[in-house]
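One structure below.
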Amino acid sequence: MKADVIFHNGEVITLDGASSAREIRARDSIAVKDGRVIFPEDGKSWKSLEGFTTETVNLHGCAVIPGLADCHIHPLWGARTLSGPSLAYEPLSLERTIEAIRAFLDEDAGAGP
C-alpha cells in the first residue's frame, strides 16, 4: 500500500495501545492513505510507503500528535458560539467571506445592530 501523504523527519507521538504516559510511543514518520493514518511496519522505513504520486512533507524535527482534538468547551463561550453565525472553519476567499457575512446579516435583518 502506498500513502497519499507522508510526514517525516519529526517526532510522531502515538497513543496506540498506551494505557499510561510511560507507554506512549514515538515514531519518526506518519503517513495518510484515503484519509486514514497508516504507519510503516515495524522495522521498515517510511520510504516503503512512498509511491509515485505520494506527497512528502519534511517536519524538520517538529512534533505531530495524530488524532488529538481539543474536545473541551467553556460553557458561556460555547453557548455564544453555537447560538450565533458560524463560518465552520471553512477556508474562504475574501469574496466568499463577504458573501457569508451578508447572508448572516440578511437572515436577521430586523434584529438591529
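For what it's worth, the working numbering labels the leading residue of the sequence shown as 28, then goes sequentially. The beta carbon of each residue, even a glycine, is placed where N, CA and C say it ideally should be.
Secondary structure note for Arg52: its beta strand (DSSP E) is the uninterrupted segment 52 to 60. Pairing Val84 with Val39 gives a Cβ-Cβ distance that is not under 7 Å. Within the same chain, and ignoring the five residues on either side of Glu126 in sequence, no residue has its Cβ closer than 7 Å to its Cβ.
Leaving aside the five residues that flank Ile57 on each side, the residues in its chain whose CB is nearer than 7 Å to its CB run, in chain order, Phe34, Val39, Val64, Phe66, Val91, Pro93. Secondary structure of Glu82 (DSSP, three-state): strand.
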